[in-house]
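Read through the structure below, which is laid out as structure tokens, and then see the notes.
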Amino acid sequence: MAKLVQSLSTKGPVMMKALVDDAKPKFATFLKYAKVELVPPTPAEIPQIRSGIQKLLSGFRTGRWKQLTVKEAWLNTLVTAEVCLWFFVGECIGKRSIVAYKV
Amino acid sequence: MSVFRLDMADVPAPVRVSPLIKFGRWSFLFAGILWGASRHRSLSKKENALREIEEKTRAAREAKLAEEKARASKAELMALAAQAGIKDFTP
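Going down the list, the protein sequences come from chains H and Z. Letter by letter, the first sequence follows residues 12 to 114 of the working numbering. Letter by letter, the second sequence follows residues 23 to 113 of the working numbering.
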């Protein structure tokens with residue numbers, strides 16, 4: 012046990028440095044994707060959002076949703092489910108606990 | 023060894039997510055945070071009120087429970103004595 016602690020204290024900083032060096036390019040890759048995919052919509056994109064909502068509503072009204080292929084409908088379902096699941100992620104953040112309201 | 027490293031050249035290009043989806047995701051996230059925080063606050067208030075009431079009635083409640091327990095154990099002893107055939111047993 013003492014030997015383990017000793018070897019950990021000598022190799023610890025070296026291991027940390029190796030971990031950080033390994034993680035840097037991976038983090039850079041993550042940032043590269045995040046800047047395009049995860050960033051919130053800018054005000055310039057508001058007209059696109061409006062037209063998207065209009066397209067959804069008109070498509071629902073004209074009955075185009077009956078002519079979708081099953082694959083398209085399944086993909087739409089998955090995307091909608093993912094968007095709705097962010098609500099529960101936000102709720103976990105708001106109540107500051109993963110599972111329950113700890114009162 | 024270089025086959026396992028992720029070079030910048032051969033990763034796929036990032037997807038241009040539709041603004042409607044991005045707007046939906048972020049707005050649901052914020053709505054969820056607000057909902058969680060507000061519900062947590064209201065539930066904490068209720069729980070604190072209940073806790074106060076419980077504190078106030080604690081003494082009376084514990085006395086009643088202790089008395090119940092004493093009575094039950096006395097009745098049990100009498101029953102045991104009757105079973106064992108002891109007459110005129112006073113605990």
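C-beta: ideal position from N, C-alpha, C; glycine also. Predicted model, so just to flag it, every value in this text is computed and none were measured.
Counted within 10 angstroms of its Cβ, other Cβ atoms place residue i as buried (16 or more) or exposed
i      : result
K22/H  : exposed
R47/Z  : buried
V31/H  : exposed
G101/H : buried
V16/H  : exposed
V47/H  : exposed
F33/Z  : Residue identity differs from the one stated: residue 33/Z is Val in this sequence, not Phe. V33/Z is exposed by the Cβ-count criterion.
Test: residue i CB closer than 8 angstroms to a CB of chain Z
i      : result
E48/H  : yes
W85/H  : no
W76/H  : no
T21/H  : no
P54/H  : no
T88/H  : no
V94/H  : yes
I64/H  : yes
P24/H  : no
I109/H : no
C-alpha distance - residue i paired with residue j, whole-angstrom precision
i      : j     : result
L114/Z : G54/Z : Absent from the structure is residue 114/Z, since the part of chain Z shown begins at 23 and ends at 113.
K28/H  : P52/H : 36 angstroms
S18/H  : V25/H : 11 angstroms
R38/Z  : K43/H : 12 angstroms
A45/H  : A35/Z : 12 angstroms
S95/Z  : R80/Z : 23 angstroms
A85/Z  : N70/Z : 24 angstroms
V50/H  : F98/H : 17 angstroms
K83/H  : R75/H : One detail in the question is off: residue 83/H reads as Glu in this sequence, not Lys. Going by the C-alpha atoms only, they are around 12 angstroms apart.
S20/H  : A34/H : 22 angstroms
I57/H  : K78/Z : 56 angstroms
S66/Z  : I75/Z : 14 angstroms
G70/H  : K77/H : 10 angstroms
CB contact below 8 angstroms: residue i versus chain H
i      : result
I75/Z  : no
A53/Z  : yes
K78/Z  : no
G107/Z : no
A59/Z  : yes
F111/Z : no
K44/Z  : yes
L56/Z  : yes
Given residue i as reference, the closest of the options once Cα atoms are compared
i      : options                    : result
S62/H  : I43/Z, L102/Z, L99/Z       : I43/Z
A111/H : G58/Z, K78/Z, S40/Z, E77/Z : G58/Z
I60/H  : S66/Z, A101/Z, S40/Z       : S40/Z
The ligand ATP heavy atom lying under 7 angstroms from the CB of residue i
i     : result
E90/Z : The ligand ATP is absent from the structure shown, which contains no ligand whatsoever.
Would you call the segment 88-107 of chain Z and the segment 48-60 of chain Z touching, i.e. three or more CB-CB distances under 8 angstroms? Touching, no.
Decide if the segment 91-109 of chain H is in contact with the segment 56-75 of chain Z; the criterion is three or more beta carbon pairs, one per stretch, under 8 angstroms apart. Between the segment 91-109 of chain H and the segment 56-75 of chain Z there are three or more inter-stretch CB-CB distances shorter than 8 angstroms, so the stretches are counted as touching.
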